[in-house]
Structure formats: C-alpha cells, structure tokens
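Written below as structure tokens is the structure these notes are about.
What follows is the structure, encoded as structure tokens:
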C-alpha cells in the first residue's frame, strides 16, 4: 500500500493506517499491508482475478450500505477464485473515495463487511490503495492457490456428453432485486424468505467449498454465474467448443422465487435463467463424475443440461424438449 | 475478466475483446485473459501489489496522453515489484471509463503504452475489468515471483550501520514536472535534456533489473522512491527500527536538474530529496555488500546516507555534517 505522489489528504493516509491496523493476517499471507508488495504462499501457481465496482453502475450509495458494498466487492472476486476450483488466499482493495471522502463510520463499515467475509474464508486483506477521486470506485483483486490434489479448472475443458450442473439454487438474487425495487411484492412470501432473497442480492456468498469439491470430483470446466445461466452457459460452451442445452424445468429455484416472480408477472424459470448475480457455480462434469460430485459438494448440486456437438457457444433452452425463445424473456445476447 | 451484471455497454465488451486479442501471453502466465481468473507460475511465493490512478488526482487527461497514462499505470506497479527484489510476471488492469467512454484511439493508445512496457519486462496483461463509471480511474495489480536465488526484500530488514544507496539519479521527475508546468524553463537546458526530464516524469522506468541485482547482492531492506527520499527514507527507517541520515551533497542529480532548479529559483538538492516519482530504488546494504552491489547493479548506485541507532523513522538530512531543515524546502511530514 504505497503512498501516491504526496497527493493524499490526511484522511486518506489515516484510512490506510486504520485498514492496515485492522486487517488480520491469515495463513498463506507471509507479508501483508505495509510494504511495497505483499508476499503470499501459493504453492507454485497463483490464481488471480480483479473486478471493479463503480458507483452508479454496480451500486448506488442510497440503496447499498457500506457494509454490504464491502462484502459484495470481495465476494464477487472470491467467487471467481472458487470458479477455478481454487482456494482464496488474499485480497487487495483499491478504494477511490468520492469528493468529500467517506465518513469514518462508512469506511469502517465497508471494511467490516469485507473483513467478516475474509475471516470466513481464511482470506487476508493484504494490500491495496486509497485515493481521492471523482466518485466511489472499488477495485478488488484476489489471489488464490490450487486446491489440494486438484489442478485449477478452466472454462474450456468441457466436452460433448458432459452434464451441466449448478450448485445451490437460482433466481434468488433476481428475486431479491425485484423486492428491493418493488417492496410491495414482499407480501407474496413470508418475511424471513423475503429477507433471504434480499440478502442473496446484497450479500452473495461465494461457493468456495463447492468449487474445491467440484475440482476434486473431476469437473472439466467451471465458471460462476454472474450474468445468469443463459449468458454464462454460453461462455462455458463457447470456450469448450460445444453447444449447451439447458432444460428449464430442471432448474433449482430458490425458495420464494416462484412466488415473487408470479407477483411480478414474470416467469420464474426465465427469471432464474436470465437473472444475474446468483454467484452459484456452473460445472461441466463427465457422467461418471456426477455421483462423486453429488457426495462431495456441500449443499445442492443439480444437473440442468448438457454439452453437445454443435455450434460452439450456442445455448438452446428447452422446456420438456421444446425450444424456448429467451429473447421474449429479457434475454440479451453476449457479444 | 468476467462480465459485470449485464451492465456493460457494447463498447465496454468490445474493448474487453480488443484487449484480450492484443495482450500477448508471455512466459510465467499459464492462462491469461478470458477465464474467471488467470493462472501464473510464481514458484511458491507470489509478490502482489495494487495501485489506483484517478483522473484529476494523479493525472489530467488534458496533459497526460493515453499512451503515457498506460505506461505509468503499469510502471508504478512494476516498480513496487522491483522494490521487493522480485521479477514481475503479470498485470491486471481495471479500467473505469469516464462518461462517454474513451475513443477507440485513446483506448488503443492506453493499452499500447502498457503493452510496450509489458513487453520490455516479459510481463503479461493477464486480466482485468472494464466498466463505465463517473470518471477515468485505472486500477492496476501486478504479480511477481522471487528472483532466482534471492528471497524477497522487505522494508523492515535494515540495521544500524547499513549504508543507504540509491539507483540511478534523482530529481528528474520533479524537474520534468517543473518543465511541464513552466515551459519557459526549458531554455535552461539543451532540448534533448529537457525531453529526457519530461519523459522521466511522464514515463518512469521501473528498476526491475536493479531490484533483482540488489536482492542478490544482499540488500537488507528496499523500497521504491515514489514520494521522494525524505518521505520514503523515513518509511524504510521506521520499518527497520532505525534512524536515517541522508547526506544532501551525496545525492546523484539527474542531468539538467541543477539548471532547471536554478532557473526556477529552487535548491536542486532539496528538489531531489523531496520531489517524488523518481521510481529509483533505495536500498539498505551492509557495508560488505556495497561493492558486490556496485558490480551487479546495471547503471549507477550511489551511497547517500546510512542507518543509525536512534528514533525509528527519523530522517536527518545533513549538508557537510550540518543539519538541514527540510520544512523550509517544501517538506511534508508523513503521518
């Protein structure tokens, strides 16, 4: 966390000091905040990803609490590490402060949200940068290492004949967003269910354990569902040189998604296939690996389709064997 | 380089594709742009750093060309890797585009500046993220590995009795900035010298080879001079639990710094000690290591002071044995 050209306000330097004092160093991080760079034990191969979250694009401060923002900024990066079947080690947090800075309370909450998530996954906030700027922008990089006894899982290893399986349940984040935008829909489900759906959108949980288990169980390709099964399934299929078929009726819907979708006049399964930000994992498994994966993955693992020979990247969505046109359901084609 | 919540404009996705198509994968990067995360061979220990550059704080688009911005954003990160005595492997580039985006030409220039520098040091642009946003912000993370036969060099290993040595020459960036702000000063030096000074400010060169050589030669502590020898020397001294003494008359001045400082009515050596962004390396060397380091380091290596027993972090600046009060020369105390 080097200082920048003497340009920082005192508040930025004070914030750097506070972050450095609070960040706990966890196993795998030999040297954290306070030097020119961090030193991480990664056992040969480093698994590295970076994401930006910009105010007005990925979040609004009016509707996202600093704590949730800290959580989500780290969670989406840990999800990318999980999607490689890898184990996260450390995160680097670049924080561009808006004019007027952040209040001490807001900055503390943001880092508390991040530290709480980091603690659960044994991750160290090992560095980063704080600067003033024109708006609130968070840049988080995460570094992981290959899980024991398993090579990292790329997107490109899927083969025709593989089953496509998803962890957990889908549609929760999209339903949660509907609830946040249209609070009157909340009457459609019991209060704790509505709360879980909103939480799924605001504080997604990276599937670190499931990613490691899928890698060990023999997943040939994997990614995390950030843009929905339709778009992300197409990415996996294109990278793997195969065509994907998704069976809508096989999708595991999160509790309450059917009711919220109905109240909003939406098709629940189209919401689940096209809604983003579930951060569940999509894996291509050879048939023989499905049963071991079922036993190994914590929580639910559901076959939702297959890879076939055909135009690489095409995603055919079917319902009882008949093609479904997602364009009618808000589908956006990837470029 | 995962997509973000379906929120990208087509231009952002197109830019991601263009970057991915142009980024050359160099040795050490097993998997670059195009998956959830990159895979890097780092041989056990990953050396990781991250920096932000925000428009209006670190640069103005009116005075910084996109090519220079791309160069500098990567250079400051490679400099941090160099300061650990490590070898850079890959960089991750988060780009928050201003309203209206960047023109195709500007985006191409920015990445050309980065790729040209990456090529020189064998670094792969292995991932990142592009998003719209309220202003131009660059977040660059760099990952390196320990140099052959040398452990990474921290800030904290210096001991009383060590000599403080700097690579290259100082003051060039500060003099270059003076030239950019006051073009009328350029008459004080020949045109090629003025051009080199401006280039030192706009396109600093990370001292990768020198950092590796200093690590092998036995440097006990090291950092890069981003904020000037005064502030950065204090950081090294504080981390090492020692007091630093800098001898002003020993400072190696870059060619033309004396003339530009004189024309601007400034003391050249105070400019060199307090001016930032030289990105030379400051190393603490035990006396026996100075001669081997001289032989090993490409370019100049100059003893400029020493570590002593005393109040940790205090930097005493002397001129011929007499104390100099830097406060009079624009000195800002670190917090």
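Chains as they are written, first to last, in the numbering used here: chain Z, 45 to 379; chain G, 45 to 379. Every residue gets a Cβ at the ideal spot worked out from N, C-alpha and C, and that includes glycine.
Spatial distance of residue 51 (chain Z) from residue 215 (chain G) (CA atoms): Any reading at residue 51 (chain Z) must be qualified, since the residue scores a pLDDT of 39, below 50, and its modelled position is unreliable; the value itself is stated next. Taking the straight line joining both Cα atoms gives about 18 Å.
Continuous alpha helix (DSSP H) assignments of at least 4 residues falling wholly in the segment 202-263 of chain G: 216-225, 235-246 and 252-261
Where the alpha helix (DSSP H) containing residue 159 (chain Z) begins and where it ends: 148-164
Neighbour flag for residue 284 (chain G) against chain Z, beta carbons, 9 Å: no
Residue span of the alpha helix (DSSP H) that contains residue 294 (chain Z), given as start and end: Per DSSP, residue 294 (chain Z) belongs to no alpha helix (DSSP H) and is neither H nor E.
Other residues of its chain near residue 100 (chain Z): CB distance less than 8 Å, five sequence neighbours each side excluded: 179
Residue 185 (chain G) burial status per 10 Å Cβ neighbour count (16 or more: buried): buried
Chain Z residues whose Cβ lies nearer than 9 Å to that of residue 125 (chain G): 80 and 81
Delimiting residues of the beta strand (DSSP E) encompassing residue 85 (chain Z): 82-85
CB contact flag (residue 134 (chain G), residue 171 (chain G), <9 Å): yes
Residue 350 (chain G) versus G:316, G:297, G:265 and G:300, residue with shortest Cα-Cα distance: G:265
Nearest to residue 189 (chain G) (by Cα), restricted to the options Z:59, Z:310 and Z:90: Z:90
Proximity test, Cβ basis, 9 Å: residue 235 (chain Z) and chain G: no
Amino acids of chain Z, ordered along the chain, whose beta-carbon sits closer than 8 Å to that of residue 93 (chain G): 46, 80, 81, 82, 136 and 171
Buried versus exposed, by CB contacts within 10 Å (16 or more), residue 321 (chain Z): buried
Beta-carbon spacing of residue 326 (chain Z), residue 280 (chain Z) below 9 Å: yes
Through-space distance from residue 224 (chain G) to residue 106 (chain G), alpha-carbon basis: 12 Å
Where the segment 150-181 of chain Z meets chain G: residues whose CB sits under 9 Å from a CB there: 170, 171, 172, 173, 174, 175, 176, 177, 178, 179, 180 and 181
Neighbourhood of residue 297 (chain G) by C-beta, 8 Å cutoff - its chain only, sequence neighbours within 5 removed: 213, 214, 215, 312, 313 and 316
Reference residue 126 (chain Z), options Z:354, Z:323, Z:344 and Z:335, closest by Cα: Z:323
Residue 344 (chain Z) to residue 366 (chain Z) span [Cα, whole Å]: 26 Å
Residue from G:309, G:252 and G:71 whose Cα sits closest to the Cα of residue 196 (chain G): G:252
Residue 369 (chain G) burial status per 10 Å Cβ neighbour count (16 or more: buried): exposed
Neighbourhood of residue 220 (chain G) by C-beta distance below 6 Å, restricted to the same chain and skipping five residues each side: 241, 242, 244 and 245
Host alpha helix (DSSP H) of residue 182 (chain Z) (start-end): Run containing residue 182 (chain Z): none in the alpha helix (DSSP H); it sits in the beta strand (DSSP E), 181-190.
Straight-line Cα distance separating residue 64 (chain Z) from residue 233 (chain G): 44 Å
Segment contact, 8 Å Cβ cut-off, at least three pairs: the segment 63-82 of chain G with the segment 205-212 of chain G: no
Cβ neighbours of residue 110 (chain Z) in the same chain (closer than 6 Å, five flanking residues each side left out): 150, 153 and 154
Neighbouring residues, chain G, relative to residue 140 (chain Z) (Cβ below 7 Å): 96, 98 and 181
Host alpha helix (DSSP H) of residue 303 (chain G) (start-end): 301-307
Option in G:198, G:56, G:236 and G:176 with minimal Cα separation from residue 77 (chain Z): G:198
Spatial distance of residue 58 (chain Z) from residue 88 (chain G) (CA atoms): 33 Å
Among Z:359, Z:204, Z:286 and Z:168, nearest to residue 275 (chain Z) - alpha-carbon criterion: Z:359
Buried or exposed (CB count within 10 angstroms, at least 16 for buried), residue 120 (chain Z): buried
Exposure of residue 117 (chain Z), with buried meaning 16 or more beta-carbon neighbours within 10 Å: buried
Neighbour-count burial assignment, residue 45 (chain G), 16 or more Cβ in a 10 Å radius: Per-residue confidence for residue 45 (chain G) stands at a pLDDT of 37, beneath the threshold of 50, marking its modelled position as unreliable; no derived number is given.
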